[in-house]
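> First, the structure itself, so that you have it in front of you.
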Amino acid sequence: MITLFIYLFLALFVSFLCSIMESVLLSIPQAYLIVKQDEGKTWAGAFMKLKVNIDKPLSAILTLNTIAHTIGAAGVGAQAVKVFGEASFGVVSAVLTFLILFVTEIIPKTLGARYWRKLTKPVYSIIRVTIFLTYPFVILSALVTKLLSKNANENTTSREEIAALASIGADEGLFTNKENKILQNILRLKNVRVREIMTPRVVVASADENLKLQEFLENKEFLRFSRIPIYDNDVENITGYVLRQEVFENLAEGQKELTLKDLKHKILTIPNQTVLLNLWEQLLENQEHIALIVDEYGGVDGIVSLEDIIETLLGLEILDEKDTVTDMQKYARERWKRRQTKYKFIIDLEHLDAPSDITSLKDKNEEDDERLEN
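See the structure below:
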């Protein structure tokens, strides 16, 4: 009778541990282990290696589980016949099957999936012992797996999965809706070219670099913007930009005869097919706020500012609070709607009309509409 319970213990308890180990191993995300490793938990780094090379611990767990099931079930059956007779074999087999299903599969795997955070550290220790006990089988399994997956090199995580996780986090209250929108939009930036978010040339307010500061001041259109592109004779020949603040400072000092050329700053020039993230990095690296966008022939295509990038991330169109022209506001909204429709950006409808600063705009015209449609 004692031998019967020993075999039953082997079949149930060992298999119970194996199922918990397997469930925790498969449930724990690598991000959690990275966080724990950054917190100084040495076991997390070792567990991460097992998670990355998951074939090794899985082979050990499944080997031990199979041995426990096979030996335990055979032993229980043999001892049951000795103790209760052959007539009891069918009943014992049915009871054992029920116990294996619920006690060693359903219950432990449910516990492992639900409480993996609490079980991570002890499970790691048990997995190490399991690998040691079944090491020959682990090596054999590794060789077979290597042959079967010789050329396999697939990413374990995709952008779509990260986006889905962000949505789940928002549903569970981990992220606010606004945070989720930003995360979703960041993941879409990979496919956005600067031409898609720029302010087109035909609606950029620019000034002749030979214009005197006093004449510049008299043009109210320029006073709304902090940075104004300047050109030499032809608007297609953008040579740089001036800061409105520097113009005011020089005027305050009585330098009315100076020209915009005297205050000119170099402007960053970027091809219109540049990826938006690359432009962002270049603007930050050069400590600039605007860039000149050129086409494949070197012609001026438009202007992009840090604000354009930020509004793309935030999912809202930023309008100029000093802009009282309805057409300009309508144009800005339509330009943003085209952009978010094409790239499926998540927009913040509550703040779509929020006032703020924007890259200089002029009245809407038919030529720009056609370019945006293309």
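The sequence shown begins at 1 in full-length UniProt numbering and counts up one residue at a time.
Ideal Cβ placement from N, Cα and C applies to all residues, glycine included.
(1) Using the C-alpha atoms, what's the distance from residue 67 back to residue 2?
(2) Of the choices 312, 305, 306, 140, whose alpha-carbon is the least far from that of residue 181?
(3) If I measure Cβ to Cβ from residue 231 and keep anything under 7 Å in the same chain, skipping five residues before and after, which residues do I get?
(4) For residue 304, count neighbouring Cβ atoms within 10 angstroms of its own Cβ and tell me buried if that reaches 16, exposed if not.
(5) What does a CB cutoff of less than 8 Å around residue 326 pick up in its chain, not counting 5 residues either side in sequence?
(6) Who are the near neighbours of residue 193 in its chain, counting only those whose CB is closer than 8 Å to its CB and skipping five residues on each side?
(7) Excluding sequence positions up to five away, which residues of its chain have a Cβ less than 7 Å from the Cβ of residue 204?
(8) Measuring from the CB of residue 300, is there a heavy atom of the ligand NAD at a distance below 7 Å?
(9) Sorted by chain position, which residues of the same chain lie with C-beta nearer than 8 Å to residue 64's C-beta, five sequence neighbours on each side aside?
(10) Exposed or buried, which one is residue 136 when buried takes at least 16 other CB atoms within 10 Å?
(11) Determine the contact status of residue 213 and residue 258, defining contact as a CB-CB distance below 8 Å.
(12) On a Cα-Cα basis, can you pick out the residue from 173, 33, 227, 170 that is closest to residue 263?
(13) So, does the region 18 to 32 touch the region 51 to 64, judging by three or more C-beta pairs under 8 Å?
(14) Kindly indicate which three-state DSSP category residue 264 falls into: helix, strand or coil?
(15) Comparing C-alpha positions only, which one of 120, 292, 287, 34 sits nearest to residue 22?
(16) Leaving aside the five residues before and after residue 176 along the sequence, list all residues of the same chain whose C-beta is less than 8 Å from its C-beta, in chain order.
(17) Looking at the unbroken alpha helix (DSSP H) that takes in residue 71, where does it start and where does it end?
(18) At what residues does the alpha helix (DSSP H) containing residue 305 begin and finish?
(19) Do you know offhand how far residue 197's Cα is from residue 178's?
(20) What number of angstroms, rounded off, separates the C-alpha of residue 58 from the C-alpha of residue 290?
Based on what the coordinates show:
(1) 20 Å
(2) 312
(3) 206, 208, 209, 237, 238, 239
(4) buried
(5) Because residue 326 carries a pLDDT of 38, less than 50, the predicted location of this residue cannot be relied on, and no value is offered for it.
(6) 272, 273, 274, 275, 276
(7) 229, 302, 303, 360
(8) Because no ligand of any kind appears in the structure shown, any question about the ligand NAD cannot be addressed here.
(9) 14, 18, 130, 133, 134
(10) exposed
(11) yes
(12) 227
(13) yes
(14) coil
(15) 120
(16) 170
(17) 55 to 84
(18) Not the alpha helix (DSSP H): residue 305 falls in the beta strand (DSSP E), residues 300 to 305.
(19) 21 Å
(20) 53 Å
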